[in-house]
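Working notes, beginning with the structure itself.
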Amino acid sequence: MDYARSDPDTLAIKILIAGGFGVGKTTLVSAVSEIQPLSTEELLSDRGARIDDTSGVEGKTTTTVALDFGRITLREGLWIYLFGTPGQDRFWFMWDELAIGALGAVVLADTRRLGDAFPAVDFFEQRRIPYMVAVNQFDGARRHDPAVVRRALAVPGHVPLMVCDARDRESAKEVLLTLVRHAREMSAVRA
Amino acid sequence: MAADEDPDPGPLVRMFAVTGGRARAVGEAFDVIAVVTTIGMPYDQAGLSPEHLAALRVATRPTTVADIGTRLRLPLNITRVLLSDLRREGLVSIEAPAATAGVLNERIYQEVLNGLRAL
Ligand SMILES: Nc1nc2c(ncn2[C@@H]2O[C@H](COP(=O)(O)OP(=O)(O)O)[C@@H](O)[C@H]2O)c(=O)[nH]1
Ligand SMILES: [Mg+2]
Numbered sequence: 001m002d003y004a005r006s007d008p009d010t011l012a013i014k015i016l017i018a019g020g021f022g023v024g025k026t027t028l029v030s031a032v033s034e035i036q037p038l039s040t041e042e043l044l045s046d047r048g049a050r051i052d053d054t055s056g057v058e059g060k061t062t063t064t065v066a067l068d069f070g071r072i073t074l075r076e077g078l079w080i081y082l083f084g085t086p087g088q089d090r091f092w093f094m095w096d097e098l099a100i101g102a103l104g105a106v107v108l109a110d111t112r113r114l115g116d117a118f119p120a121v122d123f124f125e126q127r128r129i130p131y132m133v134a135v136n137q138f139d140g141a142r143r144h145d146p147a148v149v150r151r152a153l154a155v156p157g158h159v160p161l162m163v164c165d166a167r168d169r170e171s172a173k174e175v176l177l178t179l180v181r182h183a184r185e186m187s188a189v190r191a
Numbered sequence: 001m002a003a004d005e006d007p008d009p010g011p012l013v014r015m016f017a018v019t020g021g022r023a024r025a026v027g028e029a030f031d032v033i034a035v036v037t038t039i040g041m042p043y044d045q046a047g048l049s050p051e052h053l054a055a056l057r058v059a060t061r062p063t064t065v066a067d068i069g070t071r072l073r074l075p076l077n078i079t080r081v082l083l084s085d086l087r088r089e090g091l092v093s094i095e096a097p098a099a100t101a102g103v104l105n106e107r108i109y110q111e112v113l114n115g116l117r118a119l
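Order-wise, the sequence lines are chains R and D. Residue numbers 1 to 191, in the working numbering, belong to the letters of the first sequence in order. Residue numbers 1 to 119, in the working numbering, belong to the letters of the second sequence in order.
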């Protein structure tokens, strides 16, 4: 966590975890993060706009949204920061800020509520941010052919799509590895 | 852990106390992983809240905005307001994170992949 700014090898890398409520974002961040507790909150007004002036805050016009925050130290001077927050329309103002400079994003999907992943897929497609889809396999959820999920979400062929268990550290690591590999390929294509 | 949308009066109360009701950082916007460094201690601490002072102490070692928020147990947008106050007073510097996706080179990607595998 200590930064030596003069050292050009000192880097913080930002990865985003998106998806609907209850899809396993907090679980995934917890599985790989070295810090606990992981959740902070952002204050929102009812309409999802950031609170710019707090007049009327006493009314029922505000709520908070969880923002999961995790950190992985890869070596002294190289960190991955994970930010997880709901991928829903009313929270996009948060994503716009978080997405700046991000290495990439994981869109978590639950096959029982695939539609919840649409807005996040859309968001990252439109902004050309490298992203992947990780289908969190819940107990009791029917196993879906990844190709079917890909078609249902209209995710292009070059975007990685895999099944994961957000509770499992190795599985969560594999998700992050897949995203970083994909981001590397995308940056090679752009270069 | 509370549900994502639980109305929670706690942060609101803290927000009033800590920022005087302000929710917007002053000055140039900065990233959640921008690096904050304390560059001065105030002669007169009367104008600063305990949270401002706590942030100054944490940032004596360069620390990201997100890490400061976690240490202070404050929401990120409130943390941003505090840090922007301190910047305006000339007490901290806030530097953009070195790594944005565009500047990562092949060597860094490889290092990140190796580091993740070794976890
Ligand atoms: N069976 C199973 N349960 C999971 C999995 N991932 C998350 N959960 C559970 O699903 C619930 C919602 O997960 P959470 O991480 O809080 O979702 P979030 O709203 O996206 O942050 C929690 O009770 C988790 O324990 C998984 O892979 N399998
Ligand atoms: Mg959560």
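Even for Gly, the Cβ is constructed at its ideal location relative to N, Cα and C. Note that the structure is a prediction, hence the values are computed from the model and not measured.
Item, Value
"I'd like to know whether the C-beta of S171 (chain R) is nearer than 8 Å to at least one C-beta of chain D.", "no"
"Here's the rule: buried if 16 or more other CB atoms are within 10 angstroms of the residue's CB, otherwise exposed. What is G104 (chain R)?", "buried"
"Do A66 (chain D) and F69 (chain R) have their C-beta atoms closer together than 8 Å?", "yes"
"Distance cutoff 8 Å, beta carbons only. Does M89 (chain D) sit that close to anything in chain R?", "Per the sequence shown, residue 89 (chain D) should be read as Glu rather than Met. Not an interface residue."
"In this structure, does DSSP put N136 (chain R) in helix, strand or coil?", "strand"
"Please say whether V106 (chain R) and L179 (chain R) have beta carbons closer to each other than 8 Å?", "yes"
"Use the C-beta contact count for D139 (chain R): other C-beta atoms within 10 angstroms, 16 or more gives buried, fewer gives exposed.", "exposed"
"Terminal residues of the continuous beta strand (DSSP E) containing I80 (chain R)?", "78-84"
"Judging by CA-CA distance, which residue of R:S171, R:C164, R:K14 is the nearest neighbour of I72 (chain R)?", "R:K14"
"Rounded to a whole number of angstroms, what is the C-alpha to C-alpha distance between T37 (chain D) and I94 (chain D)?", "7 Å"
"Answer with yes or no whether the minimum CB distance from E51 (chain D) to chain R is below 8 Å.", "no"
"Please report the straight-line C-alpha distance between Y109 (chain D) and H144 (chain R), rounded to a whole angstrom.", "32 Å"
"Which word fits N124 (chain D), buried or exposed, when buried means at least 16 other C-beta atoms lie within 10 angstroms of its C-beta?", "Summary: the structure shown does not reach residue 124 (chain D), with chain D confined to residues 1 through 119, and so no result is reported for it."
"So within the region 156-182 of chain R, which uninterrupted alpha helix (DSSP H) runs reach at least 4 residues, ignoring any that extend past its ends?", "none"
"Can you pull the chain R neighbours of D44 (chain D), defined as C-beta to C-beta under 9 Å?", "Chain R residues near D44 (chain D): none, gap ~27 Å exceeds 9 Å."
"Grab me the residues of L86 (chain D)'s own chain with a C-beta within less than 7 Å of its C-beta, minus the 5 sequence neighbours each way, in chain order.", "H52, A55, L56, V92"
"Is it right to say P130 (chain R) is buried, meaning 16 or more other beta carbons lie within 10 angstroms of its own, or is it exposed?", "buried"
"At a Cβ cut of 7 Å, what residues of the region 55-88 of chain D count as close to chain R, listed as they run along the chain?", "R61, P62, T63, T64, A66, D67, G69, T70, P75, L76, N77"
"Only counting the same chain, and skipping five residues up and downstream in sequence, which positions put a Cβ closer than 7 Å to that of R150 (chain R)?", "L161"
"Considering just the uninterrupted stretch of the alpha helix (DSSP H) at I78 (chain D), what are its terminal residues?", "76-88"
"Assign D44 (chain D) to one of two classes, buried (16 or more other C-beta atoms within 10 Å of its C-beta) or exposed (fewer than that).", "exposed"
"Please confirm if G101 (chain R) has its CB atom under 8 Å from at least one CB of chain D.", "yes"
"Under the rule that 16 or more other beta-carbon atoms within 10 Å means buried, what is A3 (chain D), buried or exposed?", "Bear in mind that the predicted position of A3 (chain D) carries a pLDDT of just 44, short of 50, making it too unreliable to give a figure here."
"State the beta-bridge partners of A68 (chain D) as determined by DSSP.", "Correcting the residue type first, residue 68 (chain D) is Ile in the shown sequence and not Ala. Note: I68 (chain D) sits in no beta bridge, so no partner."
"Is A102 (chain R) buried or exposed, if buried means 16 or more other CB atoms sit within 10 Å of its CB?", "buried"
"Count the other CB atoms, across all protein chains shown, that sit within 10 Å of the CB of G24 (chain R); report buried if there are 16 or more and exposed otherwise.", "buried"
"May I have the straight-line CA-CA distance separating L76 (chain D) from S171 (chain R), to the nearest angstrom?", "29 Å"
"Return the Cβ separation of I17 (chain R) and L28 (chain R) in integer angstroms, given the expectation that the two are a contact with Cβ distance under 8 Å.", "6 Å"
"For L11 (chain R), which residues does DSSP report across the bridge?", "R:L78"
"Kindly say whether L67 (chain R), judged by its beta-carbon, lies nearer than 8 Å to any beta-carbon of chain D.", "yes"
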